[in-house]
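Input: a single structure, listed below in structure tokens.
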Amino acid sequence: MKIGEITRRGALAGAGGLTLAACSDSRPQAEPLAVAEGAFKHGVASGDPDQTSLVVWTALTGTRADAPVRVEVSADERFSELVFEGETAPAGPAVTSPDMEPAIPYKALVEGLEPGRAYMFRFVRDGEYSPVGRTRTLPDGRVDEFRIAAFSCSNYPAGFFNAYRDAAGREDVDLVVHLGDYIYEYGMDGYATEDAEALSRVPDPRREIVTADDYGRRHAQYCLDPDLQALKARAPWIAVWDDHETANDAWSRGAQNHNEGEGEWTARRDGALAAYYAWLPVRDAEPRHARQGAVTIGDLATLVLMETRLSARTEPVDWSSFPVPVDADPEDPEVAEAVQRWRDEVIGNPAREMMGEAQLAAFSQTLRASREAGQPWRVLINQVMIAPKTMPDYTRQTPLWLRFAMRMIGGQVWETAQLSRFSIPMTLDDWDGFPAERERLYAAVAEADADILVLTGDTHNFWCNDLVDGQGTRRGTEFGVTSVTSPSDFEYVNAPGVDFGALTTERNAHILHHEVYTKGYVHLTLNRDGAQADFVSVSDIKSRDFVAGIDSRWLVRPAHGSEPVQVERLA
1 MKIGEITRRG ALAGAGGLTL AACSDSRPQA EPLAVAEGAF KHGVASGDPD
51 QTSLVVWTAL TGTRADAPVR VEVSADERFS ELVFEGETAP AGPAVTSPDM
101 EPAIPYKALV EGLEPGRAYM FRFVRDGEYS PVGRTRTLPD GRVDEFRIAA
151 FSCSNYPAGF FNAYRDAAGR EDVDLVVHLG DYIYEYGMDG YATEDAEALS
201 RVPDPRREIV TADDYGRRHA QYCLDPDLQA LKARAPWIAV WDDHETANDA
251 WSRGAQNHNE GEGEWTARRD GALAAYYAWL PVRDAEPRHA RQGAVTIGDL
301 ATLVLMETRL SARTEPVDWS SFPVPVDADP EDPEVAEAVQ RWRDEVIGNP
351 AREMMGEAQL AAFSQTLRAS REAGQPWRVL INQVMIAPKT MPDYTRQTPL
401 WLRFAMRMIG GQVWETAQLS RFSIPMTLDD WDGFPAERER LYAAVAEADA
451 DILVLTGDTH NFWCNDLVDG QGTRRGTEFG VTSVTSPSDF EYVNAPGVDF
501 GALTTERNAH ILHHEVYTKG YVHLTLNRDG AQADFVSVSD IKSRDFVAGI
551 DSRWLVRPAH GSEPVQVERL A
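The sequence shown maps to residues 1 to 571 in the UniProt record's numbering.
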């Protein structure tokens, strides 16, 4: 649990929080989209491309599991000459629900394609054709430019997927990356469902999902969303999971949101992953809970897929382990010593893992191969924040009226404010809860004589961070991708005029930007001279009417054998 999640239940929520920050470089919204009809109501998708192959996906609605479905792939829109055709197979069991027709997912691995080539694909059953999807293989050889749209945290009941719709209308997207929390497990009484009825986005099933069938129903509901369908049909996807694809704050042997009476954790995990592999265009992994690896973008970049949840992660440190009362005096020497010991021996325990020894070893080899190949970029597809984030002292750095309000509300809200006096991390569920593992990650980067560019999800905020190891050496740049719809912790604090992002950057010199309210995605352009990250914002998620703009724009130049140039904010 993030400290900020405490405030979600606090009485500061009031009146719907703060207003979305104004956007610059605004452009008109994409046209409203219609959901697919007929036997292919769940649309089409492609994913996990390499230079000669990729996965294509669809689902059949209201039909039998043994219905023959063929896939056709063409280099032209008319499908005048097929480069691939073949039978597909069911990827999972039929999903049934009182609120939707039965649906069966299908997918196929398409092989024998040409590197860096665009293709069209479709499915056919008994003469009925699916919508047409656009996809492409990854390039080989010299590559001068590659464009990625990166997303995170798409909560269906929280609002409309306008960020997906905006990206689906762009022509400058070669690959879509999803950083995790593609679905959420909560029921109608859970997180971010306050407007679900009004928006007609009630989760299916209405209860928290626990079984494989539950997870399949939730995935199927997401796939009926027209904006998600449009983006899946627009470009190939690469996805990694975070926690909510299984349960909140998942780790290798459990989860914060897996409780007594919900069965064995491994059964829930495996059921959730069975639905994940069935309903997304992803290649199967062995074992299934260790989806990780890397792909190359010619001589330009390597993308590294991280797995930091299910295969090796140690149980997160719980805030109940904090060693002193929250109202203790941080200046008291005994208090300060106890807190420091907690930092060193509990949080800093070197046995605590995120990736595990085997994944770290493979990671190091991948970075070394990229450097030896002369690639300027190594991009980590990463779930949770790597950069440390020390809480500002909210009892001193906020206006007097807000401090008074927090004290009057009391409970967890005031406890959180009091904890902020101790110079401790904002959350213990990300790399701040595993600092020894973070240093091992940095050591692998150093051993490869490399630097990294990181795309990170999870926080529902935009971030730009310098990544600096314990010796003060800069190891790379991290772009934190805000959510598609999931509320920021700070949205639950009705504090007009308080810039919480500015408080964060003032407290943390390596954090260059922290925007706490905006929804959207990151559009990353890689070329031989630099990596430009546009933080794309959408003005509204509670309506299908929105304007897309730029929150901020950042440039990193490649290392060229020396320490990376500091990231630069562009006008």
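Backbone N, C-alpha and C define an ideal beta-carbon position, used for all residues, glycine too. Predicted model only: the values in this text are computed from it and were never measured.
query	result
How about the stretch 305–323 and the stretch 398–406: do they share at least three Cβ pairs that are nearer than 8 angstroms?	no
In angstroms with no decimal places, state the Cα-to-Cα distance between Val556 and Ile511.	15 angstroms
From Ile541, Asp458, Thr366, Glu568, pick the residue whose C-alpha is nearest to that of Glu530; which is it?	First, the residue type needs correcting, since residue 530 is Gly and not Glu in the sequence shown. The candidate whose alpha carbon is nearest that of Gly530 is Glu568.
Mapping DSSP to helix, strand and coil, what is residue 573?	Here the chain has residues from 1 to 571 only, and residue 573 is not among them.
Considering only residues of the stretch 402–446, which uninterrupted alpha helix (DSSP H) runs meet the minimum length of 4 residues and lie entirely inside it, listed in chain order?	411–419
What does the alpha-carbon distance come out to for the pair Pro558 and Asp469?	19 angstroms
Provide the residue(s) that pair with Thr390 in DSSP beta bridges, ordered along the chain.	Pro425
What number of angstroms, rounded off, separates the C-alpha of Ser483 from the C-alpha of Gly520?	6 angstroms
Is it the case that the stretch 291–307 contacts the stretch 75–82, given that we only count it when at least three CB pairs across the two stretches are under 8 angstroms?	no
Is the stretch 380–395 close to the stretch 420–428, with three or more CB pairs under 8 angstroms?	yes
Work out the CA separation of Ala533 and Glu372 for me, nearest whole Å.	25 angstroms
Under three-state DSSP, which class holds His346?	Sequence inspection shows Val at residue 346; the His mentioned does not correspond to that position. Three-state result, Val346: helix.
Is Leu400 buried or exposed, if buried means 16 or more other CB atoms sit within 10 Å of its CB?	exposed
Buried or exposed: which applies to Thr296, given that a residue is buried once 16 or more other Cβ atoms fall within 10 Å of its Cβ?	buried
For Glu208 versus Gly187, is the C-beta spacing smaller than 8 angstroms?	yes
Less than 8 angstroms between the C-beta atoms of residue 579 and His514, yes or no?	No information on residue 579 is available, as it lies outside the stretch 1 to 571 that the chain covers here.
Going by Cα to Cα distance, which pick from Leu109, Ser152, Arg234, Gly141 is closest to Arg134?	Arg234
Quick check: what's the CA-CA separation for Arg553 versus Phe535?	6 angstroms
Compute the minimum distance between the beta carbon of Asp430 and the heavy atoms of the ligand MN, and state whether it is under 7 angstroms.	As presented, the structure is devoid of all ligands, the ligand MN included, so that no description of it is given.
Am I right that Arg309 and Ala250 are in contact with their C-beta atoms under 8 angstroms? What's the rounded C-beta distance?	5 angstroms
How would you call Leu570, buried or exposed, if buried means at least 16 neighbouring beta carbons within 10 angstroms?	exposed
Nearest to Leu231 by alpha carbon, out of Asp243, Ala274, Pro131, Arg218?	Pro131
Write down every uninterrupted run of the beta strand (DSSP E) in the UniProt domain "Phospholipase D N-terminal" (42–137) whose length is 3 residues or greater and which is fully enclosed by it, in chain order.	44–47, 54–61, 70–74, 82–87, 95–97, 100–110, 118–125, 133–136
Ala338 and Pro330: beta carbons closer than 8 angstroms?	no
Rounding to the nearest angstrom, what Cα-Cα distance links Cys23 and Thr518 in this structure?	At Cys23 the pLDDT is 41, less than 50, meaning the model places this residue with poor confidence; the figure from the coordinates comes in the next sentence. About 9 angstroms.
How is Asp189 classed by DSSP in three states: helix, strand or coil?	coil
Which residue comes first and which comes last in the beta strand (DSSP E) that contains Phe535?	531–538
Evaluate the contact criterion for the stretch 137–145 versus the stretch 198–212: three or more CB pairs, one atom per stretch, below 8 angstroms.	no
Among residues of its own chain, excluding the 5 on either side of Trp241, which ones have a beta-carbon nearer than 6 angstroms to its beta-carbon?	Gly180
Would you tell me roughly how many angstroms separate the C-alpha atoms of Asp213 and Gly293, rounded to the nearest one?	28 angstroms
Going by C-alpha distance, which of Glu260, Ala167, Val326 is nearest Pro226?	Ala167
Kindly indicate which three-state DSSP category Leu300 falls into: helix, strand or coil?	coil
Do Tyr184 and Asn155 have their C-beta atoms within less than 8 angstroms of each other?	yes
Enumerate in chain order the residues of its own chain whose CB-to-CB distance from Asp284 is below 7 angstroms, with the five nearest sequence positions on each side excluded.	Tyr277
Can you tell me which of the three DSSP states Ala338 falls into?	helix
Exposed or buried, what is Ser537 when buried is set at 16 or more other beta-carbons lying within 10 Å of its beta-carbon?	buried
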